[in-house]
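A.B. asks:
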Amino acid sequence: MFFARVNTRIVQLASMLVLLFVSTMACYPEHNQSTFDPHGPVASRQLDIFIWILIGGTIVTVLVLGALLYATFKYRRKDENEIPKQVHGNLKLEILWTVIPAIVVLGFSVASINTLFYAADTPDSTENPLTLEAIGHQWWFEFRYPHPNDASKEIVTANEVYIPIGEPVRINLESVDVIHSFWVPKLAGKVDMVPSEGNYMWFQADGPGEFFGQCAEYCGSSHSNMNFKVVAVSRPDFDAWLMRQASTVIESSDPLASEGAATFKSAGCSGCHALKTIVNTGSKGRVGPNLAHVGSRRHLAAGMMDNSNENGTVNDAYLQENLRQWLIDPESIKPGNIMSAQAAVYVDPNKSLTEKQISALVAYLTSLK
Amino acid sequence: MSTFPLAIPRPVHPTGLWNWLTTIDHKKIGILYGVTAFIMFITGGIEATLMRIQLAGPEQDIVSAGTYNQLFTMHGTTMIFLAIMPMGAAFFNFVIPLQIGARDVAFPRLNAFSYWTFLAGALMLKFSWIGGATDAGWFGYAPLTSIDQNPGTGIDFWIISLQVLGIASLAASFNFIVTIINMRAPGMTMMRLPLFTWMTFITAILLVLAFPVITVALIELTFDRYFAFNFFNVAKGGSVVLWQHLFWVFGHPEVYILILPAMGIVSEVLPTFSRKPLFGYATVVLAGAIIAFMGWMVWSHHMFTVGLGPVANAVFTVTTMLIAVPTGIKVFNWIGTIWGGSLKLNTPMLFSLGFIAMFLLGGVSGVMHAVSASDAQQQDTYFIPAHIHYVLFGGAIMALMSGIYYWFPKFSGKMFDEKMGKIHFWLMIVGQNITFFPMHFVGMDGMPRRIYTYVEGMGWDMWNGVATFGVFILIAGFLVFIYNMVISWKNGDKAPSDPWDGRTLEWSIPSPPPEYNFKEIPVVRSLDDWWATKQGSPHKEVPVSGGSGEEDGHDIHLPQPSYWPFVVAIGILIGGYGVVFNQLIVPWALASIGTFIGFVGVYAWSLEPVNDPDENQGH
Amino acid sequence: MSQEQISTNHGDHEDTATGLNHRKMLMWAFLGSDCMFFGSLIATYLVYKGKSLVGPMPMDVFDIPVTSVSTFVLLMSSMSMVLAYAALKRRNIKAFRIWMVSTAIMGATFVGFQVYEFSSFANYHVHFECSEIAQDIDQEKLVKPAHEDLYQKQCLNPDGSVDSAHHVDEKVALKPQTNLFGTTFYTLTGFHGAHVTLGIVWLLSLFFLSFKKGVITPEKHLDVDLAALYWHFVDVVWIVIFTVVYLFGVFPGF
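Protein chains in written order, with the numbering used here: chain A, 1 to 369; chain B, 1001 to 1619; chain C, 2001 to 2254.
1) Would you say P1143(B) faces chain C, with C-beta separation under 9 angstroms as the test?
2) Please report how far the alpha carbon of K1027(B) lies from the alpha carbon of R1184(B), in whole angstroms.
3) Rounded to whole angstroms, what's the CA-CA distance from L65(A) to M1190(B)? Just pull it up for me.
4) Considering only C-alpha positions, which residue in the set T1317(B), W1460(B), L1400(B) and A1396(B) is nearest to V110(A)?
5) Strictly below 9 angstroms CB to CB, what residues from chain A border M1439(B)?
6) Can you tell me the Cα-Cα spacing of L93(A) and A102(A), whole angstroms?
7) Taking only beta-carbon atoms, is T1215(B) less than 9 angstroms away from chain C?
8) How many Å lie between G1546(B) and G2019(C) at the Cα?
9) What does R76(A) touch in chain B if you count any residue whose Cβ is under 7 angstroms from its own?
10) Check whether chain B comes within 9 angstroms of C433(A), counting only Cβ atoms and requiring the distance to be less than that.
11) Please specify which runs of the alpha helix (DSSP H), each continuous and at least 4 residues long, are wholly inside the region 217-279 of chain A, giving them in chain order.
12) Based on the DSSP output, what are the partners of S175(A) in its beta bridges?
13) State the start and end residues of the unbroken beta strand (DSSP E) segment that holds V371(A).
14) Kindly provide the ranges of any beta strand (DSSP E) runs that are 3 or more residues long and lie completely inside the region 1176-1202 of chain B, ordered along the chain.
15) Could you name the residues of the region 1267-1287 of chain B whose beta carbon sits closer than 8 angstroms to any beta carbon of chain A, in the order they occur along the chain?
16) Shortest alpha-carbon distance to A317(A) belongs to which of T366(A), S270(A) and L173(A)?
17) Which runs of the alpha helix (DSSP H) spanning at least 4 residues fall entirely within the region 1012-1052 of chain B, listed in chain order?
18) Check whether the Cβ of M1415(B) lies closer than 9 angstroms to any Cβ atom in chain A.
19) Is it buried or exposed for Q204(A), if we count other Cβ within 10 angstroms and need 16 for buried?
20) Return the Cβ separation of L1218(B) and Q1163(B) in integer angstroms, given the expectation that the two are a contact with Cβ distance under 8 angstroms.
21) Could you run through the region 180-197 of chain A and flag, in chain order, every residue whose CB is less than 8 angstroms away from some CB of chain B?
22) Please return the same chain residues whose Cβ sits closer than 7 angstroms to the Cβ of W2099(C), not counting the five positions on each side in sequence.
23) If we cut at 9 angstroms on Cβ distances, does Q2177(C) have a partner in chain B?
24) Confirm, please, whether the CB-CB distance from V156(A) to R144(A) is below 9 angstroms.
25) Give the C-beta separation of E2132(C) and L2150(C) to the nearest angstrom, bearing in mind that I take them to be a contact with Cβ-Cβ under 8 angstroms.
26) Along chain C, in chain order, which residues have C-beta atoms closer than 9 angstroms to that of F1227(B)?
27) Based on DSSP bridge pairs, tell me the residues matched to A1373(B).
28) In chain order, what residues of the region 134-168 of chain A put their CB closer than 7 angstroms to some CB of chain B?
29) Quick check: the Cα distance between S2077(C) and H2195(C), rounded to an integer number of angstroms?
30) By the DSSP assignment, the alpha helix (DSSP H) with F211(A) in it spans what residues?
31) From W1334(B) to D1461(B), what does the alpha carbon distance come to, in whole angstroms?
32) I'd like to know if the region 2203-2212 of chain C and the region 1230-1244 of chain B are in contact, where contact means that at least 3 CB-CB pairs between them fall below 8 angstroms.
33) Is the CB of S1548(B) under 9 angstroms away from at least one CB in chain C?
34) On a Cα-Cα basis, can you pick out the residue from T1327(B), A1591(B) and T1049(B) that is closest to I1572(B)?
35) Quick one, which of L1308(B), G1362(B), I1338(B) and I1180(B) has its alpha-carbon nearest A1376(B)'s?
36) Does the Cβ of M243(A) have 16 or more other Cβ atoms within 10 Å, making it buried, or fewer, making it exposed?
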């Protein structure tokens, strides 16, 4: 029998080598969206499942590929006239290699179901998990938090999600147009944002950090350009951030910024971009991201442009440069975006923003901390 | 001589273009399919190459976002519907009647019709690049395909092409089901069928049952787009997930439609070049049938992240994992076939062995996706195209290459250059792994699919570069292949009837076969009957209809060529364009004209006898 | 080995591997695919059943007595189809022609009923006295959804009392664009009607061809047999549609 002849040591060694190769070549936990660097229980358990199957798959591969290569070399034709024994099959063997794989795959699949249910919703022990709404737009993410002091209101922000460390966070997923997907690899596997389906997911960040997220369901022209960040901070910091997000915009005294505030209205920006951050729960969103606190965001254009320093704080110079670039030519950053497709200042050459208007707007938006 | 209803003479064109346009000979139709499919494969390859060049580095501008999105959509649609499926059809056409001891298929004109309709669909799809090709993915998820999101004609051409291709596929499937059941030589029971024929039979049944589902999905999408119906209209309570269900109920059996014929080819090649029978013939047949059956129970594994809920996801995890079992059985049986054999490692054999290795890897990554819990991280990342290309490129395409080399002597009458064949093999297997293995890495590293670019600093640069490099190795391999095919067909050594010491009936007749295939229909006494004959149990010939023992086939009655399949296909082509351009001059005018031509063709066809009774027949 | 001339020139024994005729097998394979076709349309209908956001609903528009009559006509057409085939085999060409025409006429009648139904749905009108509906509600009688909906909107005064004198007269058209019910209903029954129409064309073709010498003969009965098979299939599909769409549509709880 073949199995008696297999040297299990060789199989173990070969499997180890393969896994070592794969892990050194393929695992980059330090990369921004690596699934090998879980920072929360959901991603962690999902990775565990993957590792188990990887080990099992490697062993199977080594065994089967080994047998294939062995047979290919050993049974090469030596004599042009040789006719080997005409074996038609071996029922025992065939039953064996039906039943054993069946048991193995059933074992794996049933064992994984636990994790499936775990990932589906916040643990039963959680009372009143922080629940926020994530709404997909082409091509940015709208986030709404329940107002801590008023159940009938929500706080609206965009593209950056702050969460408190160590607490389960439930995300209700929705979309205003096509199917998107909410994916932050280091915290959890993805769930799609399907219009009117009422999907939800949860995750938890075990420690502080800024975690990269990306839309993971093809959603049109700028699907590639639809990123978001999940920022995990301590509870107090989270509460402070939320209150700041809820606060009204403080108009700057800087004359250029004031001019920018006026331009914001006259150029039509306020038609799509709200500056009011508190809305009724469940109310219809705006076409464009809320900009009330855009000056405090670490990225612009749904994660496409980086405003931040090494330590994560916002660098005003970067922010201004990015805002300027965006305002001059949004289409070059986000092909197909609704702003360049529909806003009068981009559609009508007579209404294009002047250099002065752009500078004013940049100053104004930067001031919206 | 007149064709009854329209007094149009029956075509009599022994050679030339008209011969090819009116042929109903399965061997010629097979060649038409093969050449067309290969050309389409090249177009799909160009689309892929452009994609890979764009992704070789971060933030590149080689193609725009819009173009890239069209490229990946057209690449997927082309490779599945215009390359792999028709390549399979090329083999069904050429090989099946020869393997079952028949002179042609059950419905020769329907066969020709299938090819011309396929060509119509292929042309409609490829020419849609002009004016903007579809860019919603080969799977066309609603509501991205709605008229609001996608008002251009690209989606419409995609829809109509698929419907036209569906007609072609269905017609061919009906034909092969009847042929395989009803036209087997005496003594060829179902369990003596060559495995390739068995897999084709199962594939045809799958097609017959699966295609109508996507037909309905596409009709529903068409009605939403053209007439404001509500199938996928969320505002009126419709569900976009319904599209996904309908698509994947078709889509999953479709992948088995792609792979089962390939597995059938491998199941022929391995025994031939091992000089041993297929290990566990009955088991392999049964495994194929079980895969086809279970293939209906796994579709939602394509929808693990859509929010079906953990119960549904758990069920589909289990069913999907279970389908690995019959697949595994085949792999083990193949190894059992070569085990203890006398292996000739020539080009077709290398490709089949390569298939096993590559398909194994693809199968393992498939098992990784099967588990919904971990698939949540893998879905919609490059991990999935890694799996796809291992099973479809390293898998199906390699097996089809194996088949091309294996049957090349039979259909061309020449031997190919073995050295070039081996070079092709090595370039392909090395190129395949360099191109597609890194996709596993970047997928698990968080790179989503269907993105036209990625920013610097994500860490994906190197492996994307490597993958693109691999593409050029693949291209080199294909250039060698094309050169080999052309040179060998023109100048290769003359091929004997049985260059490989084969086991099945096609090797018992000359290369290339005469028009009538078999001078005398053989009586089959066992599995691998030709091998058995050569080993010393000669089979009894049966005289062909006509009675007298003819020597050179002059009394063999063959079906005659016809114009009507081509005419109906033209009607469908015009009709298809008419549906997309339905406001041209007079609303629905072009579509009506196409329909009318189609009806005239069908009418004339149905009244045309298979053979004109007065016509002098034979070759 | 007559692998070319497939029509039945050998009595009823076919020179095929199974003894069955190629074209008959082809028709069965085709009907298998058509099963999946209708199955997908019916599945879509069932998925969306009860999910329409606005009316009219099945209970509003369906007229079961009328549709039962058209169903009966279609079923009878299958019977006349059987009689036509039997007549041909019996060499009674005259009877064959009569039964073929009858089948076609009954099929056309069915399609006529469908056309009437579609147009009545598209022109669906709700009119009632508020007092009638108020009474029905009091007596806990079944009130149709569209009536209920309009009653709520038009018959109730701000203080909740009933405006008995008010007469409601509204067009509540059911078009494919109206709601999910319209979309799925028209598509499913429309495709069925198209299948019936194609069948009628086929039957009439056979009828007219029977006047041409030698085209439709008792020996060539397969040509009629194939049409009959198709016709019966279309009939069976209707039985499923009638049950699932119409009957299940009007009984609450389904």
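Heads up, the beta-carbon is just placed ideally off N, CA and C, and yes, glycines get one too.
Note that this is a predicted model, so its numbers are computed, not measured.
C.D. replies: Well, looking at it:
1) Sequence index remark: in the second sequence, residue 1143(B) carries index 143 (1-based). For P1143(B), the answer is no, since every Cβ of chain C falls outside 9 angstroms of its Cβ.
2) Residue mapping note: residue 1027(B) aligns to position 27 of the second sequence, counting from 1. Residue mapping note: residue 1184(B) aligns to position 184 of the second sequence, counting from 1. Approximately 17 angstroms, taken between the alpha carbons.
3) Locating residue 65(A) in the first sequence gives position 65, where the first residue counts as 1. Locating residue 1190(B) in the second sequence gives position 190, where the first residue counts as 1. L65(A) and M1190(B): Cα-Cα distance of roughly 32 angstroms.
4) By one-based count along the first sequence, residue 110(A) stands at place 110. It is T1317(B).
5) Within the second sequence, numbered from 1, the residue matching residue 1439(B) stands at position 439. In chain order: nothing, as chain A lies at least about 11 angstroms away.
6) Locating residue 93(A) in the first sequence gives position 93, where the first residue counts as 1. Locating residue 102(A) in the first sequence gives position 102, where the first residue counts as 1. Near 14 angstroms, if we compare the C-alpha coordinates of A102(A) and L93(A).
7) Taking the second sequence and counting its residues from 1, the one referred to as residue 1215(B) is at position 215. With 9 angstroms as the cut-off, T1215(B) counts as an interface residue toward chain C.
8) As a working note, residue 1546(B) is residue 546 in the second sequence. As a working note, residue 2019(C) is residue 19 in the third sequence. Residue confidence for G1546(B) is low, a pLDDT of 37 falling below 50, so the modelled location carries little weight; the figure read from the coordinates is stated next. Going from the Cα of G1546(B) to the Cα of G2019(C) covers about 20 angstroms.
9) Here residue 76(A) refers to the residue found at position 76 when the first sequence is read from its first residue. Those are L1343 and L1345, listed as they occur along chain B.
10) The question about residue 433(A) has no answer, for chain A in this structure spans 1 to 369.
11) 235-246 and 255-266
12) Counting from 1 along the first sequence, the entry for residue 175(A) is found at position 175. Answer by DSSP bridge pairing, in chain order: G136(A).
13) Residue 371(A) cannot be examined here, being either before or after the span of chain A that is shown, 1 to 369.
14) none
15) S1274, R1275, K1276, P1277, F1279, G1280, Y1281, A1282 and T1283
16) Locating residue 317(A) in the first sequence gives position 317, where the first residue counts as 1. Comparing Cα positions, the closest option is T366(A).
17) Annotation: the region 1012-1052 of chain B contains the following complete segments of the alpha helix (DSSP H) (minimum length 4 residues), in chain order: 1016-1022.
18) Here residue 1415(B) corresponds to residue number 415 of the second sequence, with the count starting at 1. M1415(B) does not count as touching chain A.
19) Position 204 of the first sequence holds residue 204(A). Buried: at least 16 other Cβ atoms inside 10 Å.
20) Position 218 of the second sequence holds residue 1218(B). Position 163 of the second sequence holds residue 1163(B). That belief holds up - the Cβ atoms of L1218(B) and Q1163(B) are roughly 6 angstroms apart, short of 8 angstroms.
21) S181, W183, P185, A188, G189, K190, V191, D192, V194, P195, S196 and E197
22) As a working mapping, residue 2099(C) is identified with position 99 in the third sequence. S2080, L2083, A2084 and A2087, listed in sequence order.
23) As a first step, residue 2177(C) must be located in the third sequence, where it is residue number 177. Look at Q2177(C): its C-beta is under 9 angstroms from a C-beta on chain B.
24) For the purposes of this step, residue 144(A) is taken as the residue at position 144 of the first sequence. For the purposes of this step, residue 156(A) is taken as the residue at position 156 of the first sequence. Cβ distance < 9 angstroms, so R144(A) and V156(A) count as in contact.
25) Stepping through the third sequence from its first residue, residue 2132(C) is reached at position 132. Stepping through the third sequence from its first residue, residue 2150(C) is reached at position 150. That belief does not hold up - the Cβ atoms of E2132(C) and L2150(C) are roughly 12 angstroms apart, past 8 angstroms.
26) Counted from its first residue, the second sequence places residue 1227(B) at position 227. Result: P2176 and Q2177.
27) In the second sequence, residue 1373(B) corresponds to position 373, counting from 1. The partner list for A1373(B) (beta bridge, DSSP) is empty, contrary to what the question assumes.
28) none
29) Residue mapping note: residue 2077(C) aligns to position 77 of the third sequence, counting from 1. Residue mapping note: residue 2195(C) aligns to position 195 of the third sequence, counting from 1. Distance between the alpha carbons of S2077(C) and H2195(C) is about 14 angstroms.
30) One-based indexing of the first sequence puts residue 211(A) at position 211. Unbroken run through F211(A) is the beta strand (DSSP E), G209 to Q214; no alpha helix (DSSP H).
31) Position 334 of the second sequence, counted from the first residue, corresponds to residue 1334(B). Position 461 of the second sequence, counted from the first residue, corresponds to residue 1461(B). Our two residues, W1334(B) and D1461(B), have alpha carbons roughly 39 angstroms apart in a direct line.
32) no
33) Locating residue 1548(B) in the second sequence gives position 548, counting from the first residue. In this prediction, S1548(B) scores a pLDDT of 38, lower than 50, which makes its location untrustworthy; no coordinate-derived value is stated.
34) One-based indexing of the second sequence puts residue 1572(B) at position 572. Cα-wise, what sits closest to I1572(B) is A1591(B).
35) For this step, residue 1376(B) is matched to residue 376 along the second sequence. When only C-alpha atoms are compared, the closest one is L1308(B).
36) Counting from one through the first sequence, the residue named residue 243(A) turns up at place 243. M243(A) is exposed by the Cβ-count criterion.
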